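Chemist:
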Ligand code: NAD
Ligand code: IPM
Ligand code: MN
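In this note's numbering, the protein residues as written are 368 to 721.
#1: By Cβ distance, which residues of its chain are closer than 8 Å to residue 417, with the 5 residues on each side in sequence left out?
#2: Mind listing, in chain order, the continuous alpha helix (DSSP H) runs of no fewer than 4 residues lying wholly within the stretch 652-707?
#3: Determine, using beta-carbon pairs with one atom in the stretch 493-501 and one in the stretch 468-481, whether at least three such pairs fall under 8 Å.
#4: Would you say residue 640 touches the ligand IPM, meaning its beta carbon is less than 8 Å from a heavy atom?
#5: Any chance the stretch 381-401 sits against the stretch 481-494, with 3 or more Cβ pairs inside 8 Å?
#6: Are residue 582 and residue 551 close, meaning C-beta to C-beta below 9 Å?
#7: Grab me the residues of residue 543's own chain with a C-beta within less than 7 Å of its C-beta, minus the 5 sequence neighbours each way, in chain order.
#8: State yes or no: is the C-beta of residue 612 nearer than 8 Å to some heavy atom of the ligand MN?
#9: Just the Cα atoms here: how many angstroms apart are residue 375 and residue 620?
#10: Less than 8 Å between the CB of residue 457 and some heavy atom of the ligand NAD, yes or no?
#11: Does the ligand GTP have a heavy atom nearer than 8 Å to the CB of residue 646?
#12: Taking just the CA atoms, how far does residue 570 sit from residue 381?
#13: Can you tell which of 591, 626 and 387 has the C-alpha that lies nearest to the C-alpha of residue 486?
#14: What are the residues that DSSP puts in a beta bridge with residue 606?
#15: By a C-beta neighbour count over all protein chains shown, 10 Å radius and 16 as the cutoff for buried, is residue 447 buried or exposed?
#16: Under a Cβ-count criterion, where at least 16 other Cβ atoms within 10 Å of its own Cβ denotes burial, should residue 403 be classed as buried or exposed?
#17: So residue 376 is in the beta strand (DSSP E); what residue range does that whole segment cover?
#18: Which one of 389, 695 and 460 has the shortest CA to CA distance from residue 420?
#19: Could you compute how far the alpha carbon of residue 650 sits from the alpha carbon of residue 643?
#20: When the distance is taken between beta carbons, is residue 640 closer than 9 Å to residue 611?
#21: Using C-beta distances below 6 Å, list every residue in its chain close to residue 603, excluding the 5 sequence neighbours before and after it, in chain order.
#22: Would you call the stretch 626-636 and the stretch 665-679 touching, i.e. three or more CB-CB distances under 8 Å?
#23: At the level of alpha carbons, what is the spacing between residue 390 and residue 654?
#24: Spatial neighbours of residue 726 within its chain, please: C-beta separation below 7 Å, excluding the five flanking residues on both sides.
#25: With a 10 Å radius around its C-beta and 16 neighbouring C-beta atoms as the bar for buried, classify residue 386 as buried or exposed.
#26: How far does the beta strand (DSSP E) with residue 621 in it extend, from its first residue to its last?
#27: With a CB to CB cut of under 6 Å and the five nearest residues on each side skipped, what residues in its chain are close to residue 573?
#28: Using C-beta distances below 7 Å, list every residue in its chain close to residue 647, excluding the 5 sequence neighbours before and after it, in chain order.
#29: Give the single residue among 667, 614, 656 and 594 whose Cα lies nearest to the Cα of residue 628.
#30: Please report how far the alpha carbon of residue 414 lies from the alpha carbon of residue 507, in whole angstroms.
#31: Could you tell me the alpha carbon to alpha carbon distance between residue 609 and residue 622, rounded to whole angstroms?
#32: Just the C-alpha distance for residue 698 and residue 705, rounded to the nearest angstrom, thanks.
#33: Tell me the start and end of each unbroken alpha helix (DSSP H) in the stretch 504-551 that is at least 4 residues and wholly inside, in chain order.
#34: So is the beta-carbon of residue 608 under 8 Å away from any non-hydrogen atom of the ligand MN?
#35: In its own chain, which residues sit with a C-beta less than 8 Å from the C-beta of residue 458, not counting the 5 before and 5 after it?
Encoded structure:
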């Protein structure tokens, strides 16, 4: 059977890193005899320019019908004051696909510890997973926007919390069996609901997991003081957005961080956590690793192709171990030359470089 991937490159560095990931996914598919077909569709600012809509109906239909969706990034100054922003298309896509759990792993790779803004001793062995609720909270509540007054409403229902907490507990069972649930229960009603629901589910089904609760301000502090203590961090939409950018920097660059957004079934949406990076767009300078590792997550989660996923991760580790670095790691590789090296390693494990 041929797996269908809806391919949405988007804006800024989106197309640069998405195409890098696509080449690597196609390489891994060849090596592992997997049939893939990529269908490219307009999305984000590029789709606003073409059709006036960041998520045209054709793109949405292709995404719904695909086995998985791969996305670069959207946004940029050109559309910052457009009546509909590119980001609105991304939120609609996530909601419509029902991908309520966003998995954002952050790993400090061996040999890159010196690039962390923290002391090396604090990031050695850093390997955490942020599980971010993705289709609720402030992002999707009623919004009012006037000249002199604006409001954003935060809603969560018990079921919204329970289903994403379940994903975090299940993930923890395959890792170090520790979950920290992050909220602002000293102020917010939604956070108190969040804490009660997580605790109840833990007591009923996941007592084998070590669960702790932290307030988001303290957690942000602990993340930059002693990040290696964390295994799975479970949190709501906005806190997860902020904490995942913060956590990614600990591993050296936001350019390394991948993500998978999952719902009830196997289908998912895969994208690096970074944005369109307008400051480096068009320069072939973006680090493609976050996008390429998102491709590995796609193979693992949506296609059940563990060997192909692992071969992509190993190829990235090997290329980095050989000292190849993009500019965010003070290196001289471009997005495309780095990707070429990943492909060489992936397709021929015996490849030798001078
Ligand atoms: P950003 O993530 O685009 O960039 C933040 C900083 O990180 C910049 O200095 C950028 O150069 C750097 N960076 C990002 N990706 C990199 C990579 N692959 N390699 C090397 N350096 C990289 O965040 P921003 O500047 O706040 O946002 C720019 C636009 O992107 C905004 O319109 C925002 O809404 C949008 N955005 C989109 C997504 C998405 O599509 N999922 C995510 C975040 C931001
Ligand atoms: C991300 C981005 C998006 C978010 C924006 C572009 C809507 O920052 O994927 O982290 O806030 O979820
Ligand atoms: Mn973000």
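We treat Cβ as the ideally placed atom computed from N, Cα and C, and that holds for glycine.
None of the values given here were measured: they were computed from a predicted structure.
Modeler: Considering the structure as presented:
#1: Excluding sequence neighbours, residue 417 sits near 409 and 423.
#2: If we require 4 residues or more, the alpha helix (DSSP H) runs fully inside the stretch 652-707 come out as 656-669 and 673-688.
#3: A contact exists between the stretch 493-501 and the stretch 468-481.
#4: Answer for residue 640: yes, Cβ within range of the ligand IPM.
#5: Short answer: they don't touch.
#6: With contacts defined by Cβ atoms closer than 9 Å, residue 582 and residue 551 form a contacting pair.
#7: Excluding sequence neighbours, residue 543 sits near 598.
#8: The beta carbon of residue 612 sits closer than 8 Å to at least one heavy atom of the ligand MN.
#9: Looking at the two C-alpha atoms, the distance is approximately 23 Å.
#10: For residue 457, the distance from the CB to the nearest heavy atom of the ligand NAD is below 8 Å.
#11: The ligand GTP is not part of the structure shown, which contains the ligand NAD, the ligand IPM and the ligand MN as its ligands.
#12: Looking at the two C-alpha atoms, the distance is approximately 42 Å.
#13: Closest option to residue 486, Cα to Cα, is 591.
#14: Residue 606 pairs with nothing; no bridge assigned.
#15: Burial call: exposed.
#16: Buried is the call here.
#17: 369-377 is the span of the beta strand (DSSP E), which, as asked, contains residue 376.
#18: Measuring from the Cα of residue 420, the nearest candidate turns out to be 460.
#19: Near 13 Å, if we compare the C-alpha coordinates of residue 643 and residue 650.
#20: Going by C-beta atoms, residue 611 is nearer than 9 Å to residue 640.
#21: Counting only Cβ-Cβ distances below 6 Å, and skipping sequence neighbours, we find 500 and 504.
#22: With the cut-off at 8 Å, the stretch 626-636 and the stretch 665-679 touch.
#23: Taking the Cα positions, residue 390 is about 15 Å away from residue 654.
#24: Given a span of 368 to 721 for the chain in the structure shown, any question on residue 726 remains unanswerable.
#25: Buried: at least 16 other Cβ atoms inside 10 Å.
#26: Counted as a single uninterrupted DSSP element, the stretch harbouring residue 621 is not any beta strand (DSSP E), since DSSP gives it neither H nor E.
#27: Here residue 573 has 536 as same chain residues with Cβ atoms under 6 Å from its own Cβ, once five neighbours each way along the sequence are excluded.
#28: Closer than 7 Å at the Cβ level, and outside the excluded window around residue 647, lie 380 and 653.
#29: It is 667 whose Cα lies nearest to the Cα of residue 628.
#30: Cα-Cα distance, rounded: 22 Å.
#31: Cα to Cα, residue 609 sits roughly 15 Å from residue 622.
#32: Spanning the two alpha carbons is a distance of roughly 10 Å.
#33: Listed in chain order, they are 525-540.
#34: Yes - the ligand MN has a heavy atom lying nearer than 8 Å to the Cβ of residue 608.
#35: Excluding positions up to five away in sequence, the list reads 506 and 507.
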